[in-house]
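Notes for the one structure printed next.
Residue numbers (this note's numbering), protein chains in the order written: chain E, 1 to 185; chain X, 1001 to 1176.
Following this line, the structure appears as structure tokens:
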């Protein structure tokens, strides 16, 4: 199986990671085309392993996916190329956008535009909630398990003012003690 | 706030979440509520900045770092964002043994569900902030609902929605 140079690999992560809008899944799909189908640097099994483990790695799934595929090809240097190539250019852009907001925030017209985007953030968060919950409510069993966990975490933070860390820990413990029925793919 | 503490708090939030936005409740708790080095408005602005461009959803962590510690803070934010990703390397080595253990997978799914509840709670103060929109709370409510519907039920990229929301805010100001 051919192996890329570090430069070639960094370039693919940079190009795909910073030109694909829409979050992690489109980026992982685009990288599959590059690594598995076009360049044949990875087997479909390598890709599948990286994809499934990325979903159970803490943090942002797509960054873990890039670190995993990079490591499969070139070890730790490849992992570093994956994580940084995927995030660093977009991070610079995010800082520039933040600076732009800061510089123009005293202008009433810009302020009005920002106020519109701030409202959009709330809708974005609700959408994230819906997309997080959606895979787990396809059966009555799933709903019976999902509702108390979601509502319990909500109440623990909002009403009882627990901090998020113990809530996450309790949820993990509950998940261990109360196994769910795996959804068939 | 010193950069080490900034890193540790951001890394804690990223390490204990399993998707880009799921770290937000912990970030809010630490930076807005406990240490008071960030406002709700800045947190929302960071989310917008992270979602306007391409790249992963968790990029708002970098903007939070920038608000708290300037450019060095943004760098620290980037390092905190990518640190947990490297856990996948040892995880790959043990994958065959543990990744498919039903109870482990069940625990992870429970954490994902709890993240949804935490996000719900964290969205309430941000919604209050957004409803204080100078162009009217009705407009803000419409933008929230339309954003939710569009992002949940279509494949429209989030930066189009942000652009549309900015345009609506601007138009309302120009008309008023």
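Ideal Cβ placement from N, Cα and C applies to all residues, glycine included.
Quantities reported herein were computed from a predicted structural model and do not represent experimental measurements.
Per the Cβ contact rule, the stretch 119 to 135 of chain E is not in contact with the stretch 1086 to 1096 of chain X (fewer than 3 Cβ pairs under 8 angstroms).
The three-state secondary structure of residue 1127 of chain X, taken from DSSP, is helix.
In this structure, the straight-line span from the alpha carbon of residue 1108 of chain X to that of residue 62 of chain E is close to 17 angstroms. Two segments are said to touch when three or more pairs of C-beta atoms, one from each, lie closer than 8 angstroms; by this definition the stretch 67 to 76 of chain E does not touch the stretch 1042 to 1061 of chain X. Look at residue 1037 of chain X: its C-beta is not under 8 angstroms from any C-beta on chain E. For a Cβ distance threshold of 7 angstroms, residue set 1045, 1049 of chain X lies close to residue 101 of chain E, ordered along the chain. Just so you know, the alpha carbons of residue 91 of chain E and residue 1154 of chain X end up roughly 26 angstroms apart. Chain E places a beta carbon closer than 8 angstroms to that of residue 1146 of chain X, counting this residue as a contact.
DSSP places residue 180 of chain E outside both helix and strand once states are collapsed to three, so it counts as coil. Among the CB atoms of chain E, one or more fall inside 8 angstroms of the CB of residue 1092 of chain X. Distance from residue 1081 of chain X to residue 1161 of chain X at the Cβ level is roughly 23 angstroms; contact not present, criterion being Cβ atoms closer than 8 angstroms.
Residue 1040 of chain X sits away from residue 1027 of chain X, with the two beta carbons spaced by 8 angstroms or more.
In the structure shown, residue 41 of chain E adopts coil according to DSSP, grouped into three states.
Residue 10 of chain E places its beta carbon less than 8 angstroms from that of residue 81 of chain E.
The Cβ neighbour count for residue 1065 of chain X, taken over all protein chains shown within 10 Å, is at least 16; the residue is labelled buried.
In terms of CA proximity to residue 1002 of chain X, X/1073 leads the group X/1111, X/1169, X/1073, X/1089.
Two segments are said to touch when three or more pairs of C-beta atoms, one from each, lie closer than 8 angstroms; by this definition the stretch 141 to 149 of chain E touches the stretch 1109 to 1120 of chain X. For residue 87 of chain E, the uninterrupted alpha helix (DSSP H) segment begins and ends at 61 to 104. Considering only E/84, E/65, E/180, the residue with the shortest C-alpha distance to residue 140 of chain E is E/180.
Judged by their CB atoms, residue 137 of chain E and residue 1116 of chain X are not nearer to each other than the 8 angstroms cut-off. The residues 16, 17, 20, 62, in chain order, have a CB closer than 7 angstroms to that of residue 27 of chain E in the same chain once the five nearest residues on each side in sequence are set aside. Pairing residue 123 of chain E with residue 1151 of chain X gives a Cβ-Cβ distance under 8 angstroms. Distance from the Cα of residue 1131 of chain X is smallest, within the candidate group E/115, E/71, E/96, E/60, for E/115. Cβ neighbours of residue 1137 of chain X within its own chain (closer than 6 angstroms, five residues either side excluded): 1131.
Listed in chain order, the non-local C-beta contacts of residue 50 of chain E below 6 angstroms within the same chain comprise 65, 68, 69, local neighbours out to five positions each way being set aside.
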